[in-house]
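Residue numbers for the sequence shown follow this note's numbering, beginning at 3 and rising by one.
Using N, Cα and C, we set each Cβ at its ideal position, and we do this for glycine too.
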Amino acid sequence: MRQQRGVALVTALLVVAVATVAAVAMATRQQMDIRRTGSLLHSEQAYAFSLGAESWARVVLARDKRDSKIDTLYEDWSTQPPVSVVEGGSITGRILDLQGRFNLNNLVDGNGVADQDAIARYKRLLRRLELEESLADALADWIDSNIDVRFPDGAEDETYLGVAPPYRAANRLLADVSELRLVKGYEPDMIDKLRPFVAALPEVTPLNVNTASAEVLSTVAENMSLADGKSLVETRGEDGFETVAKFTQQNELSGKQQLTTAQLSVESDWFLMVSEANIGLSRARLASLIQRTDKGTLVIRRQREFREPVVAPVPEADE
Ligand SMILES: [Ca+2]
Ligand SMILES: [Ca+2]
């Protein structure tokens with residue numbers, strides 16, 4: 003009898019214990035569901051805000067094209083970042099001009115044939131950044147359509163098929179600067195050093211001398227120094243060069259190798275809108291490659307993972 007009571011008590015305790023565990027598990031799961039749904043909603047909201055920033059960029063760039071013939075770093079699209087507080091968080095971003103950078107895809111012409119002049123310019127940029135010139139030949143081979151190895155530093159399939167895991171040379175335009183990681187000789191620290199000065203645009207583009215950095219400007223002709231580049235930036239000032247001719251007439255360029263005006267410009271068609279939205283604990287980053295044409299602006303590509311800084315120093319105006 004005593005033993006039976008004992009068993010009944012143990013059974014009752016077990017039932018209570020199981021019921022408690024089940025109740026706690028249900029409550030915890032419900033709470034997690036609520037949290038998960040909340041963070042999912044926040045991340046969707048953050049992405050929507052990033053897309054909003056992209057639309058803002060397209061409007062600002064289209065308006066700028068109507069209002070001005072040249073593009074400088076002191077215009078609204080460059081100086082007015084859309085930093086703003088939105089419901090439940092904030093969004094920040096910036097429009098970058100990619101035509102003020104050396105376009106790595108300029109190493110080949112429209113037919114996939116290497117452009118010796120562009121390769122020479124790229125070598126000067128590599129030297130300026132204290133990187134090995136040999137990186138130029140390797141990249142030209144990676145992009146050019148043929149499979150002939152450039153002398154002395156080129157690399158085609160033979161090189162890449164010999165690594166583990168093996169792969170082949172792309173033999174077409176770079177899709178993104180990060181693709182450099184696959185090219186012979188390019189180490190991550192070198193790519194980071196190059197990153198602020200280069201772009202990988204889907205067509206051959208002229209360099210906008212009104213937005214290019216002193217480093218890049220000092221490579222447009224042979225035998226230029228970084229000081230020449232800095233002095234060109236100073237001369238250009240806030241107003242910029244009105245025409246390419248005004249730029250090529252500058253003292254820093256006189257007597258230097260002839261530049262073709264097709265390689266230079268005073269305006270830009272290719273931009274990158276980078277933004278970051280923070281809502282609750284969720285964050286969305288977005289980089290949109292925008293092409294500006296006479297007919298309007300087009301978003302050519304969107305990336306949610308990228309290395310470009312979202313908040314970079316806006317150029318200081320020289321008084
Ligand atoms: Ca403009
Ligand atoms: Ca090739």
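Minimum C-alpha distance to Asp99 - residue among Trp272, Asn107, Glu56: Trp272
message: Which residue wins for smallest C-alpha separation from Val211, given the options Leu75, Ala140, Ser227?
response: Leu75
field: Residues of its chain near Glu181, where Cβ-Cβ distance is below 8 angstroms and the 5 sequence neighbours each way are ignored
entry: Ala172, Ala202
message: Let me check you understand the geometry: is the CB of Ala171 closer than 6 angstroms to at least one non-hydrogen atom of ligand 4?
response: For ligand 4, the structure offers nothing, since it holds only ligand 1 and ligand 2.
- prompt: Can Asp66 be considered in contact with ligand 1, in the sense that its beta carbon sits closer than 6 angstroms to one or more heavy atoms?
  reply: yes
- prompt: Are the Cβ atoms of Ser270 and Gln101 separated by less than 7 angstroms?
  reply: yes
Stretch pair the stretch 221-228 + the stretch 256-269: three plus CB contacts closer than 8 angstroms: yes
- prompt: Do Arg152 and Asp143 have their C-beta atoms closer together than 7 angstroms?
  reply: yes
task: State the Cα-Cα distance for the pair Ala140 and Val218, rounded to the nearest angstrom.
output: 20 angstroms
- prompt: Is Leu234 near Glu254, with beta carbons less than 7 angstroms apart?
  reply: yes
Within 7 angstroms, strictly: CB atoms of Leu109 and Gly187: no
Span separating the alpha-carbon of Asn105 from that of Arg65: 25 angstroms
query: Over what stretch of residues does the beta strand (DSSP E) that includes Ala171 continue unbroken?
result: Careful: Ala171 lies outside any beta strand (DSSP E) and carries neither H nor E.
- prompt: Taking the Cβ atom as the reference point for each residue, do Val61 and Trp79 lie within a distance shorter than 7 angstroms?
  reply: no
- prompt: Helix or strand or just coil, what does DSSP make of Leu74?
  reply: Per the sequence presented here, residue 74 reads as Thr, with Leu not at that position. Three-state DSSP puts Thr74 in coil, outside helix and strand.
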